[in-house]
Each structure stands twice: as structure tokens, then as C-alpha cells.
Amino acid sequence: MASPEPLSSRSDAQLLLSALAGEESAFLLLYERLSGRIFRYAFYMTNSRSSAEEVTQEVFIALLRQGRNYRAERGDVAAFAFGIARNCVRQMERRERPHQLIAGTQARATLSSTLTSGSESLPGQMIRNELVSRVQAAVASLPDHYRQAVVLCDLCELSYADAATRLDCAVGTIRSRLNRAHSLLAQKLEPLRTPQRGVAAAGPEGCVI
Amino acid sequence: MTCQELRQNFEGPLRMDAGGGVEAEHLANCAECARFVELRCELVAGLRLVRESAPELPAALEDAVLTKYRSQLAGPRPASSFTPWRRRLAATFAAAALTVVAALTFHPKPRTDTSVARVQTAQVVSVPQRPTAINIPKIARSRPISSHPARRERVVQPLPAGNSPASADFRGLMYCDPLSCGGAMQLIRVQLPSFAVALAPSEATSNGVVYADVLVGSDGIARGIRVVQ
Numbered sequence: 001m002a003s004p005e006p007l008s009s010r011s012d013a014q015l016l017l018s019a020l021a022g023e024e025s026a027f028l029l030l031y032e033r034l035s036g037r038i039f040r041y042a043f044y045m046t047n048s049r050s051s052a053e054e055v056t057q058e059v060f061i062a063l064l065r066q067g068r069n070y071r072a073e074r075g076d077v078a079a080f081a082f083g084i085a086r087n088c089v090r091q092m093e094r095r096e097r098p099h100q101l102i103a104g105t106q107a108r109a110t111l112s113s114t115l116t117s118g119s120e121s122l123p124g125q126m127i128r129n130e131l132v133s134r135v136q137a138a139v140a141s142l143p144d145h146y147r148q149a150v151v152l153c154d155l156c157e158l159s160y161a162d163a164a165t166r167l168d169c170a171v172g173t174i175r176s177r178l179n180r181a182h183s184l185l186a187q188k189l190e191p192l193r194t195p196q197r198g199v200a201a202a203g204p205e206g207c208v209i
Numbered sequence: 210m211t212c213q214e215l216r217q218n219f220e221g222p223l224r225m226d227a228g229g230g231v232e233a234e235h236l237a238n239c240a241e242c243a244r245f246v247e248l249r250c251e252l253v254a255g256l257r258l259v260r261e262s263a264p265e266l267p268a269a270l271e272d273a274v275l276t277k278y279r280s281q282l283a284g285p286r287p288a289s290s291f292t293p294w295r296r297r298l299a300a301t302f303a304a305a306a307l308t309v310v311a312a313l314t315f316h317p318k319p320r321t322d323t324s325v326a327r328v329q330t331a332q333v334v335s336v337p338q339r340p341t342a343i344n345i346p347k348i349a350r351s352r353p354i355s356s357h358p359a360r361r362e363r364v365v366q367p368l369p370a371g372n373s374p375a376s377a378d379f380r381g382l383m384y385c386d387p388l389s390c391g392g393a394m395q396l397i398r399v400q401l402p403s404f405a406v407a408l409a410p411s412e413a414t415s416n417g418v419v420y421a422d423v424l425v426g427s428d429g430i431a432r433g434i435r436v437v438q
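In C-alpha cells form, the structure reads like this:
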């Protein structure tokens, strides 16, 4: 039975049902709506582009498999998909622990993009990349519940209410976790801006050898 | 404005601005809060850089997902690539089954003297129905005697036929009454030289031995004997 409603006006839940029924265009639209957020979330959580791709793919496959278990009264489809993504990331972290933050191919890709892009000066780009990798490392070193809050609210730019729905907790909990996470992050990033004591004094004349 | 009030203002969503009016006034006078705000602003800048540095969603991913979607719809469900708990469960079961099989196969069996056991089993069932000679009524009904007719037939069959006149009854080897010979007894078949039981050599087997059943009490002392061949 063809739905008289145009695809774009359908809700995510309706799109999911249509996709499960075999309507490819509905699946594509659902993918378009959700994939960017899921990919970014997975990227910020894993700090790896390939892992983020894998997670995104798995989320949509799982949506097709488990889509019939979805209950609208328990949250929207995006929250359902985020829940799957969270589980995927956790499984991946368990599988690939200790996780490398920006290493190997990822670092080479970053460097190569730095060298090939001409919009910014090379030193500026390198400083910027260095800063990004430090912040990523600081976020990754946070305890999981703080990291989830930072990734969802600060990096994925979800509202507190949405983040609370995703993490299945109260808005106040998100607020306090975020506040604590910001303090921890500020502590972790502070040494970057503080000049290292002793380094200035240790010139050639300060060298023992 | 107090330091606490200022910090509470920064507890919400991250802000880049240092505020105006009273906040700026406080920051101008409080180095600690100025440092706090500066750190927060740098954190905001760092997080914004991280946000901006996120890679774009690759277009090839859409094709891959779409291919999976089509295959999912077209055919039977492909094997899940992300259900490690199921694989783990199956592997656990397989490992447990292998362990059990290996234990059953390679575990050394306890050494038992099977010949004695068999002989004892066989002889227990050959207890006569009426051991009248020494008049021990409990012996005939003692526990080890098999009451199952099929088993009795099966086990009794290979035993030598008691066609000798001497095999009719037990001969008492000691004084026995219901008081001193109480409890269950065991019947053991033994081979004895024919002269030991005062039989003529013609009644014995070709090698001069006779088979005899010995009734042994629970204290290990023989109570009676009968010659079966």
C-alpha cells in the first residue's frame, strides 16, 4: 500500500517502518537524516575515521535487523540508533583496547591533508592539528560517562535534554557531568599553555655536557 | 559579584565571551577567576577545533550500507558480523563439549580386578534356593542374591551343572546359628583340589580340581561349603 504522505514529511519512525517493509527511498532518507550525527559521534568517541565508518555501517545494519524491536514510546529513532552506536563503540573499544588515538595511518592522513591544503599556512595548520589531537586525547582520557556528555553536548551539539534521552539519565545529571568534565579537561589542557619551567633556563650554557 | 557566582555562570553551555558588566568588573579585579575564564575560553576554542576537524561522511559508505540493505531484503539474513556474544556463547559450548569428550576419552579408568568381581557376581546368584544343611534362613534371602529371573538365568547358565550328589547342600564349617551367623553373607566360588573336600578323583574334573561354593560371613569367616562339581 503506497503511502500518500511524501517521504520528506514522514517521521523517522515511519521511515524506519517503510524501510523495513522494503521501501528503499525511505531507507535512504533515514540514512541521510541520521548517518551524519552517528558518524560524528562515532568519530569523536573512537578518534578513528575507519572505526567511525564501521560503526555507522553496523548501526544501519542493526537498525534493519532490530528495527522491529523499536518502540516509539521509549524514544525517537535517533535515540534508538544512538543506543546501537554506543554499544558498537563499546564493543569496538573492548575489542581494540588500548585504543590508539591518532596513530599510524590516521596521523599520516592528517599530515597529508595538512600538506595538500593550501588555504592556511603550513605552520598554522600544524599547530592547529597538534591542538586538535591534544584536545582529542584529553577527551578520550575522560571517564566514560564524562566523555559521553562532552561528545554529545559539546561535539555533537545536542541539547541537554536530547543528551539526557540518549544517555537515559536526567538533565541535571548531564549538566553536572558536563561541568565536571569541563573542569577535568581544563586541568588536562592547562600544561599546554603554561611555559615549561626550566626549559628556558636550559640553554647551551646550562648544558652539562 | 562573587567568584562562586561567576563560576556558576560558566557551568552551563560553554561560552566564549568573558561576559560584560559585572562579570568583566569582577574579572578585572580577580586574577583567579580571570584565569578560570581564560582556561574555559581556550577549552571552548579547542573543542570547536575538534568539531570542525571531523571528517565528512564518506559517500562510499552510503553505497556499502545500501548494498547491505538490498541483500538483507533480497535473501535470507546474512550472518551477523556484530554479535560477538553469540559467537562467544557458541565457542564456550564447543569448548565445554570438547573438554567433556577429552575427559571421557583420555581419563584413566580406575583399575579394578574385574575377574574377581565377575566371579563374585556370578557366584552370588548361584546360591541355592534352600540351603537346608546348615539351616541359616537369612542366607538364602540375603541382599546380594539377585531376584531378577532373567538375570539369574543368564548368569547361572554358564556355571557347571551341579549333577554331583555332593553338590546338593552346604556343609557347615563352623557352628552356626541365627545369632552367630546373622547378617548377609557372600558366596564365593573357589577351585579346590579334590582331596581337600574328600571327593573321589572320578567325581572331580580331569585336572583333579573341584568347584566349590563357600559361604563367607560379613566377618570374613567361611561358614559353609558345597561342592558344585
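Protein sequences, first through last, are from chains B and G. Numbering follows our numbering, with no gaps: position 153 of the first sequence is 153. Adding 209 to a residue's 1-based position in the second sequence gives its number in our numbering. Built from N, CA and C at the ideal position, the CB exists for glycine as well.
(request) Measure the beta-carbon distance from B:Glu190 to G:Leu248 and round it to whole angstroms, keeping in mind my assumption that it falls under 8 Å. (result) 6 Å
(request) Please list the partners that G:Leu282 has in chain B, where partner means a Cβ-to-Cβ separation under 7 Å. (result) Gly22
(request) Pull up the distance between the alpha-carbon of G:Ala237 and that of B:Arg65, whole angstroms please. (result) 59 Å
(request) Could you list the residues in the segment 176-187 of chain B with a C-beta less than 7 Å from some C-beta on chain G, going in chain order? (result) Here the close residues are Asn179, His182, Leu185 and Ala186.
(request) Using a Cβ cut-off of 7 Å, pull out every chain G residue sitting near B:Val89, in sequence order please. (result) Those within 7 Å of B:Val89 in chain G number zero; the least Cβ separation is about 12 Å.
(request) Return the Cβ separation of G:Ala431 and G:Leu396 in integer angstroms, given the expectation that the two are a contact with Cβ distance under 8 Å. (result) Wrong, their Cβ atoms sit about 11 Å apart, outside the cutoff.
(request) List the whole-angstrom C-beta distance separating B:Ala137 from B:Val89, where the pair is believed to meet the contact cut-off of C-beta under 8 Å. (result) No, B:Ala137 and B:Val89 are not in contact; Cβ-Cβ is about 17 Å, not under 8 Å.
(request) Tell whether a beta-carbon distance below 8 Å holds between B:Ala186 and B:Tyr146. (result) no
(request) Please check if any C-beta of chain B sits within less than 8 Å of the C-beta of G:Ala263. (result) yes
(message) Rounding to the nearest angstrom, what Cα-Cα distance links G:Arg297 and B:Ser51 in this structure?
(response) 22 Å
(message) Beta-carbon within less than 7 Å of B:Glu24's beta-carbon, same chain only, minus the 5 sequence neighbours each way: which residues are those?
(response) Within the same chain, no residue comes within 7 Å of B:Glu24 by CB-CB distance, once the 5 residues on both sides are set aside.
(message) Just to confirm before moving on: does the CB-CB distance between G:Leu270 and B:Gln57 stay below 8 Å?
(response) Against a cut-off of 8 Å, the Cβ pair of B:Gln57 and G:Leu270 comes out as a contact.
(message) Which residues in chain G have a C-beta closer than 7 Å to the C-beta of B:Ser35? List them in chain order.
(response) Near B:Ser35 (Cβ distances below 7 Å), the residues of chain G are Leu266.
(message) Distance check for B:Ala161 and G:Cys239, CA to CA, integer angstroms please.
(response) 34 Å
(message) Please report the distance separating the alpha-carbon of G:Ser313 from that of G:Ala306.
(response) Reading off the sequence, residue 313 of chain G comes out as Leu, not Ser. Whole-angstrom Cα-Cα distance: 11 Å.
(request) For B:Glu130, decide whether its Cβ has a neighbour in chain G, counting only Cβ atoms nearer than 8 Å. (result) no
(request) Would you grab the beta carbon distance between B:Leu34 and B:Ala26 for me? Rounded to a whole angstrom, and I think it's under 8 Å. (result) Actually they are not in contact, since the Cβ atoms of B:Leu34 and B:Ala26 sit about 12 Å apart, beyond 8 Å.
(request) Compare the beta carbon distance of B:Phe39 and G:Leu266 with 8 Å and say whether it is the shorter of the two. (result) yes
(request) Could you spell out where the beta strand (DSSP E) holding G:Gln433 opens and where it closes? (result) It should be pointed out that residue 433 of chain G corresponds to Gly in this sequence rather than to Gln. That run of the beta strand (DSSP E) goes Ala431 to Val436.
(message) Measuring only the C-alpha atoms, how far is B:Ser159 from B:Leu178?
(response) Their backbone Cα atoms lie some 12 Å apart in a straight line.
(message) Can you pull the chain B neighbours of G:Val274, defined as C-beta to C-beta under 7 Å?
(response) Tyr31, Gln57 and Phe60
(message) On the criterion of 16 or more Cβ atoms from any shown chain inside 10 Å, does B:Glu73 qualify as buried, or is it exposed?
(response) exposed
(message) To the nearest angstrom, how far is the alpha carbon of B:Arg86 from that of G:Val253?
(response) Pairing B:Arg86 with G:Val253, the inter-Cα distance amounts to about 24 Å.
(request) Tell me the start and end of each unbroken alpha helix (DSSP H) in the segment 218-276 of chain G that is at least 4 residues and wholly inside, in chain order. (result) 231-238 and 240-261
(request) Given a cut-off of 8 Å, decide if B:Val150 and G:Leu258 are closer than it, judged by their beta-carbon atoms. (result) no
(message) Under DSSP, the alpha helix (DSSP H) around B:Ser146 begins and ends at which residues?
(response) Residue identity differs from the one stated: residue 146 of chain B is Tyr in this sequence, not Ser. Note, B:Tyr146: alpha helix (DSSP H), Asp144 to Ala149.
(request) Work out the CA separation of G:Gly255 and B:Ala140 for me, nearest whole Å. (result) 14 Å
(request) Taking G:Glu241 as the reference, give the member of G:Thr211, G:Arg260 and G:Val436 with the closest Cα. (result) Closest option to G:Glu241, Cα to Cα, is G:Thr211.
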